Every structure is written in structure tokens, then in C-alpha cells.
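Notes to accompany the following structure.
Residue numbers (full-length UniProt numbering), protein chains in the order written: chain G, 1 to 506; chain Z, 1 to 506.
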């Protein structure tokens, strides 16, 4: 009996120890999964509930995401997010995740500069238009449509591009050389990895070259129609373009200023919507270069006022553009902007910089204080806890352009893009592509792909993608009626997309 | 009278409008400076109050910081934080900010791997010791101290290094070739910018080569003394080393295992403290490679227990080491670690990765749940809002090693290092240098310089630097008595430093 009592006591003692340890270990696992669940729920799209079909598609998507992520992890020689986008961009097309994202309806593209929307392959088609003269050396290109030889100075001489092309032995080679003037794409890693000022100099040249092609009114019309088509084909249903509304010319010498281009964009959009009734439209954000004087900004704001009165449906708001680091900060213009802010909606670029604590970095403060509806890039926001709180409280959307930030020398490894944190914090992110034409990217699919496979957590799934699309509609400049229409079309396309992915996989 | 009334009313109307605008604009400026002030105060060191002398030094420091920052901004061809540390490391010495930081007493270095603390120039002196045989080809080096030719296999043949050196036509050239085996430093940008696996392979070879030199007991003694001296000369007053306590050998074939090396480190430290009485000491964090089996980890934890009992003053805690991405996650060992955690202090590496949502990334969760006193690197923490909250609440220090993260291919542009956000959030950061010997960096000054001039806000000043030093003492494994002693010595050195900077500038 005594022995039994001792045995029982010992047994109880060890059971309790075992139990205590078991409870502790269970607690550990519970705490751990609670943290993971809390972080997932907080992250962008984390509270969305998927229906049965969505769950099926999600399984397919996540199967490929995991498989490809393991491949990249194990074979950095073939696909390596630590390198520049140009080194792996042509591999993206093979990705199954990309192929699913490509088909996915992606809602709206809200941060685009109008002249840089079109892929160089499509741009080159426009150089086959009649009457195009070129002033052309190895590192200089100027274009002008004209009946006679342009009178503007040219370092060598103006020649009809068609004649140059025909005189070349190899048209394909000629065109591929011509393309280099219209794109930042390069296979030279030294150029890829140059500093921001060098890159922006190259970028400004590309902008100049493209603009010299599309300043001719008939070509601009075709250019914009093709651009809308390429976004539409990439499953984008609504677009907001940033444009400085510069002049256009006709062959007869007529010059169109100011509102003309806005109206042309509107007409082309109307035509496009007739041809593709499930495209919801375009709105315009008037821009001005940030190197301007206060006077020029005031004049631009007056133009914005006029646009708002004359084209209230088409006009969305105002922004400043150009390399943020070396341009003037918003603060320099704040009295004029402050006065205009109750009438004009702002969509300011802010914090497109690596320099913490500089005036570029502090553009974020002014964008927020000036009531900017969204902030463009907001790359530096992650370094500003107070501004992060303001952004969240005021529900200001962040227009994130991952590839742009790589190509324009802000960050090299997309996995270090602050978007990862913005997604984890569930901030109101909208993805966009800034100038996809200038870096030979898809209109929007490459940016979605990189954000999903390169930047976001391995656990981020269809919920995140869907939330990004929802955000692009929610934070657009559309009125409620427009948003409802866009949501309706999106929902229809989304169902079709789900069925397609399931069918593809059967 | 009527006209006067109208005039007065009008006047009042315009005055009120003017006043309202004036108040608004003033409000704007007030809001703006409040945000800036709030962010400054939240940031690391933001609440420190400087005395008069410190204010003077701060003015000198900030004068140079601003001047140099403008220079780098305007001349990216000479100094460019967007590039790899190796491209600008030799320019750092010219910086006045660096020269001030170099003189600054920097408290403690808390994240160091014992074999990689010594600069290659000092390491090379040790290759002049007698009896050193080398097995040496263009891309392979193995070293052994021996009376006779070593019996271990060698692809070519074992030769006395002294004979090889004497037989070479150019000893300087011979040594500079020899150095390449002991360092990751390279001028080849392709190698600098390789992927993480490639870099870690190079790194593991460097570790192998250095270890083959310092496995010989008398050389290890000299090595460690020289290492302490180099940190001391860089104004570091206390050190915590991570070491796996591998074996040492003597010329007569004796092998020393286990505790021997710990005791040797302790003896050398004692000798060093006798020679330099204002050096406060060394503590040891026992490490094991993270590719180990659960069994091996359990054995290592038993050794930790033993160390704790036998050398309670010297032993600080336990950690796992090796490339985190391809090693096993903490979670795989958690039952053993969980059981040990109430007896052994942990100082785990966590989140030394770019891969968000992987098991490496989630080492951060386990480090926190296992009660890690500090977290090594915590590079990925910025992507984890819940864990950021936990770190703050539990006051867990982050051991940040900026240069290490660049050299070991986590991030290229230091301005994109998450340390910027950790500093802005006022998290308990301690700076360290991980393996400064392996990348030819100063023991600690280069890391302080980069954190201050490259990573932190342009507004971050002497307060931040002082807080980093305070943190390094506060979050060390020293007991209260030790911390008090270290603070006392620091304060004395700090006053001397202030006077020196002021004198330099007069």
C-alpha cells in the first residue's frame, strides 16, 4: 500500500511535469500561430473571405508561387530578385504565377505619365508614319514631322527616317538601334546599376526622344489609342494619366496649346470606349515640372481651375513631376498650393528618394498637409512613423511603382522595397507602373507579378491581389457612380478569370 | 457716413480674409514643424539633452555632416551610398565626420564572431610565425603549424610559408596575394554584387582559411590579443564575442577541446585588461552551426550549462550561426531551446534575410518567443508590425550590422537598410560590425559612420550617436556593477572626446 502510494505520487508528479511541459509547448505553438494569424489579418487583403471558386484558384496560384519561389531560391543564376529587373524581365513570361496574373482583371492604373505608357515595339510602328524627319547621330535623336526639311538646327542633317531606314542594309537592325533611343532597357549591368543622376539623365533623353515623335497631332492620337489598347489587353479597365498638356503641331504648321491635348485625350478615350464598351474611361491629372518658378505653378493652377470648369468629368487633379531629389520641394510652393487645395484635388509625388531627412523626403509631410488624395511612390514613407500614422488615419492611398523604383535607381533588390512593409501594415496601397513603356514592361502585369512574387510575403495570396484591385477602384478619382460601374465590370471579369484558371488547370 | 460704413465693412471683410489666411498659413507652418519635432523626438536619442560642450561639438559635427552629404549628393562619381561599401570604403577615411566618430568613445561591441574580428593586415603578421606550412594553389589555401611536413592530404604539396615567401621575387606582392584568402574585399564589382549564395560560399572559404591559421594555440592567443587591441584603439571598451569553441592544437600534437578555448579567451582578456585598465572586459556567447541535428544542439546546450556553472562571469549566452536562409530555422529546435530558455540567455540571430514569409524570416518570431535578450541583425523585422510591437514592449535590443548586410548581399544601398526605420521608431538599436576583419573595415567606426551619414536622417545628430553608445552598454550582458563601471569610463572618455573635437576645431 505504502509502495503503491509512493508510486502513485511519483506517477502524478511526472504526469504533472509532463502535462506542464505539454501545456507550455502547446502554449508556445498557440502563441506562435496567433502571431502569424495576427500579421496575416493585418496585411493587405488579410480579412477578405474567398468563395469556393476563389479558394480553388488560390490553391492553384499558391502551388505555383511556392514552386517558383523555391526554384528562384535554389537557382539564383537563372532568376534573382537581388539583381536589376532588366536581368530577369524576359524570364518572367515563363512564370505560371505571371501567366495567371496576366489574365487577372486588375482594375485601374492610377499612376501613369501619358507619354511613357507605350511599349517601344508599338512606338516603333509610329515611326513608319509619313513625313517623319530625323536628326540622327549615334547618341542623339530628334524627330519632326514635316512636308519639307525642318528648319530647326541639327548637328548633322535632317533626313527622312523612311529613307534612312530603306538605305540601311538591315531594317530589323535599323529598328532595333532606333528602339534604344526610346527605352532605358539595356543589357549592360554597369548602366543598369548607375547612380540616380546618371539614370535620370538617360531617362530625360528618352522622354525627349519619345516626345519629339508624339508631338505631332495625328501620331499622338494613334499613340494614345494604342496605349489604351495595351492597358486594356493587360486587363486594366480604367486609367488616370498625368500630363503636362504640352503643345501639339500639324503638318501645316498649326500649333495647338493648352486645353487642346486634354480634349484630344478625351476624344480618343471616347472612341476607345465605343470600340471597347467594358473600358470605363480615363481621367487626367495635370502636371507641371517641379523645377518651375512659383509664378509658373500659379499659372498651372489656373489652368487646372479652367480644366475643372470645362471638363469636370475628365479632370481629376494636379501634381508636380520631374526628378524629385534635384527639383524644388513642395514646401517652396506651399502658399500657392495651400490656397488652391480646397478647389483642386492633389495627387502629389512624395518621397521618391533614398535621402532620409532631405527636402525630397519631407515632400511627404507637405503632400499630407496639403490634403493630397493619394501620394505617388511614397518610397521614403517607411522612415516616418508619424506620417505612416497620418496616412492610415486619413486613408491616403500610396501609388507604388516597384519597377520604376528599380529602373530609376532607388532600390535594386525588389525584396528590399518598402512596399513589403506597406503590405504587411495593410496600408491603402494601389499598384501602378509609372512609365512602363520606358522600361519595356507590361502595362501593369509585371508590377503585379513583382509585388506578389518578389516583394510580398510568401504567405500573401489571392486575397492580396484582389484587395490591390479593389483598392485601385476605391482610391480612384471616379465618382461613386463610376466606381460602382467599374466594380460591376470587375466582378464579371473576375468570375470569368476564376473559371479560366480552373479550366487551364484541369 | 454711409460710404464710410461700406468702406469700413469692406475693410473689415478684407482684413478678416487676410487674417484668416494668415492664421491658416501660420497653422500650416506650425503643423509642419510639430510633425518634424514629433518625429525627431521619437527617433533614437531624440529626447537626450545636450550640455553646452556637447552642443558645441554637435554644431561642428553637423557642419561636416551637411557639407559632406551635399558633396556626395552632387558628386556621386566619387562617393555613392547606392553602390557597394567596397567601392567607397577607402574614401571614408577622408571624411571629417568619420574622423570625429573615430575618436568618439563607442561603448560596447555586442555582435562579433571571434575568428573574424581582426583586419587582414594584422592577420598577415601572424603568417610570419615559425613552423607554418601552407597547402597553396591559386584558389585554395590550407595552413598548418607543424614541426615536420603535415600528413594531411594536399592537392599539390605542403611547403613552409616562410620558404615560399622568401622564394618569391616580391614579398609585398606575395603577401597581398595571401591577403585575398583572408578577406571578402574585392575591386571586382561583379563579385561584389553577386547573389547571397555565391557570397556566402566565398565567405565560408575565408572563414576556413582564417581558422586554419588560428587553430594553433599560440597564434590564437596573439590573434585575440591583437583583436582586442584593435577594438580598443577604435574606442571600444567592452566586447561580447560569439564563438563555437572549436579545438586548438599545439606543435607537439596536443589537442585542446571544449572549455579550453573559453579559458584561453578569458586569460588573454585578463592580460589585456592588466595592460589597458580602462578596458572593461569580454563576455562570450556560445554558438553552434544552425545546420546541426537536434542532438548536436542539445549537446551544445549542455556545454552552455557547463560554461555557465564554471565561468559565470565570462559566459553570456547561446546562439546559432551560419547562413540563415539555408540553415535550419529555430523552430526546428524549439523543444530543446524552450526547455533551456529559463537557464540560458539567448542572443539569437533572426531575420538575416530578404525572403519575406520564409522560415528564415520567421526566426524572428521564435527568437522573441524564446525570450532572446537581443536579436542579431533583425534585418527582416521591418516587415513585421506585430513583432515590431513585441520588440518594443519587451525592450529587446536589435544588433544591427550595416556593413555586414551589404557585404553579405542582403542590401546594396545602405540608405535602404531598415535601420533607417528602426532609428526613426526609436527602437532599442545597438550597432555592431559582425565580422569586420573579413571585410577590411574598422572594428566599429565604419559601421557607426555609415549608420550616421548613410542610413539615419540628415537631422540625426550627436544625440543619436550618444544614444547608440548608451544602448550598447544598457543592452550588454554585463551585470549592473559592470554597466556602472562601463558608464563611468565612458563618461570620462566622452568628456575628453568633446574637448578634443573642440580643440581640433579651434
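Backbone N, C-alpha and C fix where the C-beta goes; we use that ideal spot for every residue, glycine too. All of these numbers come straight from a predicted model, not from anything done at the bench.
Sufficient close CB pairs (3 or more, under 8 Å) joining the segment 448 to 465 of chain G to the segment 110 to 125 of chain G: Flag = no, the segment 448 to 465 of chain G and the segment 110 to 125 of chain G do not touch.
- prompt: What residues in the segment 197 to 210 of chain Z have a beta carbon less than 8 Å from any beta carbon of chain G?
  reply: For the segment 197 to 210 of chain Z, residues whose beta-carbon sits nearer than 8 Å to a beta-carbon of chain G comprise 197, 198.
message: Buried or exposed for residue 155 (chain Z), going by 16 or more other Cβ atoms inside 10 Å?
response: Numbered from its first residue, the second chain carries residue 155 (chain Z) at position 155. Here residue 155 (chain Z) is exposed. Its C-beta has fewer than 16 other C-beta atoms within 10 Å.
At least three beta-carbon pairs within less than 8 Å, the segment 35 to 54 of chain G to the segment 424 to 439 of chain G: Yes: the two stretches touch, three or more of their Cβ pairs being nearer than 8 Å.
- prompt: Per DSSP, what kind of secondary structure is residue 158 (chain G) in: helix, strand or coil?
  reply: Within the first chain, numbered from 1, the residue matching residue 158 (chain G) stands at position 158. It is a strand residue.
- prompt: Does DSSP classify residue 240 (chain Z) as helix, strand or coil?
  reply: As a working mapping, residue 240 (chain Z) is identified with position 240 in the second chain. DSSP places residue 240 (chain Z) in strand when its eight states are reduced to three.
- prompt: What residue does the beta strand (DSSP E) around residue 282 (chain G) start on, and which one ends it?
  reply: As a position in the first chain, residue 282 (chain G) is number 282, starting the count at 1. 281 to 289 is the extent of the beta strand (DSSP E) around residue 282 (chain G).
query: What is the rounded straight-line gap between the Cα of residue 487 (chain Z) and the Cα of residue 57 (chain Z)?
result: As a working mapping, residue 487 (chain Z) is identified with position 487 in the second chain. As a working mapping, residue 57 (chain Z) is identified with position 57 in the second chain. If you take the alpha carbons of residue 487 (chain Z) and residue 57 (chain Z), they lie about 20 Å apart.
field: Closer than 8 Å at the beta carbon, the chain G residues around residue 386 (chain Z)
entry: Locating residue 386 (chain Z) in the second chain gives position 386, where the first residue counts as 1. At a beta-carbon threshold of 8 Å, the residues of chain G lying near residue 386 (chain Z) are 35, 38, 39, 42, ordered along the chain.
field: Any chain A beta carbon closer than 8 Å to residue 398 (chain G)
entry: No chain A appears in this structure, whose protein chains are G and Z.
field: Where the beta strand (DSSP E) containing residue 320 (chain G) begins and where it ends
entry: One-based indexing of the first chain puts residue 320 (chain G) at position 320. Per DSSP, residue 320 (chain G) belongs to the beta strand (DSSP E) from 315 to 321.
field: Range covered by the beta strand (DSSP E) that runs through residue 136 (chain G)
entry: If you number the first chain from 1, residue 136 (chain G) lands on position 136. 132 to 137 is the span of the beta strand (DSSP E), which, as asked, contains residue 136 (chain G).
- prompt: Between the segment 329 to 346 of chain Z and the segment 187 to 205 of chain Z, do three or more beta carbon pairs fall short of 8 Å?
  reply: Cβ pair count under 8 Å is below three, so no.
query: What residues from chain G crowd round residue 76 (chain Z), counting only those whose CB sits closer than 7 Å?
result: Looking up residue 76 (chain Z) in the second chain gives position 76. Here the neighbours are 195, 197.
message: For a contact defined as C-beta to C-beta under 7 Å, what are the partners of residue 358 (chain G) on chain Z?
response: Counting from 1 along the first chain, the entry for residue 358 (chain G) is found at position 358. Residue 358 (chain G) reaches chain Z at 458, counting residues in chain order whose Cβ is nearer than 7 Å.
task: Count the other C-beta atoms from every protein chain shown that fall within 10 angstroms of the C-beta of residue 543 (chain G), then say buried if there are 16 or more, exposed otherwise.
output: No statement about residue 543 (chain G) is possible, as the shown extent of chain G runs from 1 to 506 and does not include it.
task: Count the other CB atoms, across all protein chains shown, that sit within 10 Å of the CB of residue 153 (chain G); report buried if there are 16 or more and exposed otherwise.
output: Along the first chain, one-based indexing puts residue 153 (chain G) at 153. With a 10 Å radius around the Cβ and a threshold of 16 neighbouring Cβ atoms, residue 153 (chain G) comes out exposed.
message: With three or more beta-carbon pairs closer than 8 Å as the criterion, would you say the segment 228 to 245 of chain Z touches the segment 279 to 297 of chain Z?
response: Per the Cβ contact rule, the segment 228 to 245 of chain Z is in contact with the segment 279 to 297 of chain Z (3 or more Cβ pairs under 8 Å).
message: Under 8 Å, Cβ to Cβ, is there at least one residue of chain Z near residue 270 (chain G)?
response: For the purposes of this step, residue 270 (chain G) is taken as residue 270 along the first chain, with counting starting at 1. No, its Cβ sits nowhere closer than 8 Å to a Cβ of chain Z.
task: Less than 8 Å between the CB atoms is what I'm expecting for residue 80 (chain Z) and residue 88 (chain Z), so what's the real figure, rounded?
output: In the second chain, counting from the first residue as 1, residue 80 (chain Z) sits at position 80. In the second chain, counting from the first residue as 1, residue 88 (chain Z) sits at position 88. That belief holds up - the Cβ atoms of residue 80 (chain Z) and residue 88 (chain Z) are roughly 6 Å apart, short of 8 Å.
query: Which residues in chain G sit within 9 Å of residue 452 (chain Z), going by Cβ to Cβ distance?
result: Translated into the one-based positions of the second chain, residue 452 (chain Z) becomes position 452. Neighbours of residue 452 (chain Z) on chain G: none; closest Cβ ~11 Å, over 9 Å.
message: Classify residue 149 (chain Z): buried if its beta carbon has 16 or more other beta carbons within 10 angstroms, exposed otherwise.
response: Taking the second chain and counting its residues from 1, the one referred to as residue 149 (chain Z) is at position 149. With a threshold of 16 other beta carbon atoms within 10 Å, residue 149 (chain Z) falls short and is exposed.
- request: For residue 1 (chain Z), I'd like the list of residues in its chain whose CB is within less than 7 Å of its CB, leaving aside the five on either flank, ordered along the chain.
  value: Start at 1 with the first residue of the second chain, and residue 1 (chain Z) comes out as number 1. Note that residue 1 (chain Z) scores a pLDDT of 46, beneath 50, so its modelled location is shaky and nothing firm can be said.
Alpha carbon of residue 338 (chain G) to alpha carbon of residue 352 (chain G), nearest angstrom: Residue 338 (chain G) sits at position 338 when you count from the first residue of the first chain. Residue 352 (chain G) sits at position 352 when you count from the first residue of the first chain. Cα-Cα distance, rounded: 22 Å.
- prompt: Between residue 447 (chain G) and the rest of its own chain, which residues show a CB-CB distance below 8 Å, the 5 nearest in sequence each way excluded?
  reply: Walking along the first chain from the start, residue 447 (chain G) turns up at place 447. Take residue 447 (chain G), set aside five residues on each side of it, and the residues of its chain with a beta-carbon closer than 8 Å to its own are 401, 402, 403, 431, 432, 433, 436, 441, in chain order.
field: Under the three-state DSSP convention, the category residue 208 (chain Z) falls into
entry: Residue 208 (chain Z) sits at position 208 when you count from the first residue of the second chain. Correct three-state label for residue 208 (chain Z): helix.
- prompt: Does any CB atom of chain Z fall closer than 8 Å to the CB of residue 369 (chain G)?
  reply: For the purposes of this step, residue 369 (chain G) is taken as the residue at position 369 of the first chain. Answer yes: the Cβ-Cβ gap between residue 369 (chain G) and chain Z drops below 8 Å somewhere.
task: Check whether the segment 200 to 216 of chain Z touches the segment 156 to 175 of chain Z, taking contact to mean three or more Cβ pairs, one atom from each stretch, closer than 8 Å.
output: Of all C-beta pairs linking the segment 200 to 216 of chain Z to the segment 156 to 175 of chain Z, fewer than three are shorter than 8 Å, placing the two stretches out of contact.
query: If you compare alpha carbons, which of G:463, G:445, G:439 is closest to residue 423 (chain G)?
result: On the first chain, position 423 is the one that residue 423 (chain G) refers to. Each of G:463, G:445, G:439 was checked against the Cα of residue 423 (chain G), and the nearest Cα belongs to G:463.
- prompt: Which residues, taken in chain order from the segment 407 to 424 of chain Z, show a beta carbon closer than 7 Å to some beta carbon of chain G?
  reply: Only 409, 411, 412, 413, 415, 416, 420, 421, 424 from the segment 407 to 424 of chain Z bring a Cβ to less than 7 Å from some Cβ of chain G.
- prompt: Using 8 Å as the limit for Cβ to Cβ distance, is residue 383 (chain G) near chain Z?
  reply: On the first chain, residue 383 (chain G) is found 383 positions in, with the first residue counted as 1. Interface residue (Cβ-Cβ distance to chain Z less than 8 Å): residue 383 (chain G) is classified as such.
- request: Could you check which residue in Z:444, Z:302, Z:450, Z:340 has the C-alpha nearest to that of residue 231 (chain Z)?
  value: For the purposes of this step, residue 231 (chain Z) is taken as the residue at position 231 of the second chain. Of Z:444, Z:302, Z:450, Z:340, the residue nearest in Cα terms is Z:444.
- request: Inspect the CB distances between the segment 119 to 129 of chain Z and the segment 251 to 258 of chain Z and report whether three or more fall short of 8 Å.
  value: A contact between stretches requires three or more CB pairs, one per stretch, nearer than 8 Å, and the segment 119 to 129 of chain Z fails this requirement with the segment 251 to 258 of chain Z.
field: Closer than 7 Å at the beta carbon, the chain G residues around residue 25 (chain Z)
entry: Here residue 25 (chain Z) corresponds to residue number 25 of the second chain, with the count starting at 1. Those within 7 Å of residue 25 (chain Z) in chain G are 335, 338.
- prompt: Would you say residue 346 (chain G) faces chain Z, with C-beta separation under 8 Å as the test?
  reply: Taking the first residue of the first chain as position 1, residue 346 (chain G) is located at position 346. False, the Cβ-Cβ gap to chain Z never drops below 8 Å.
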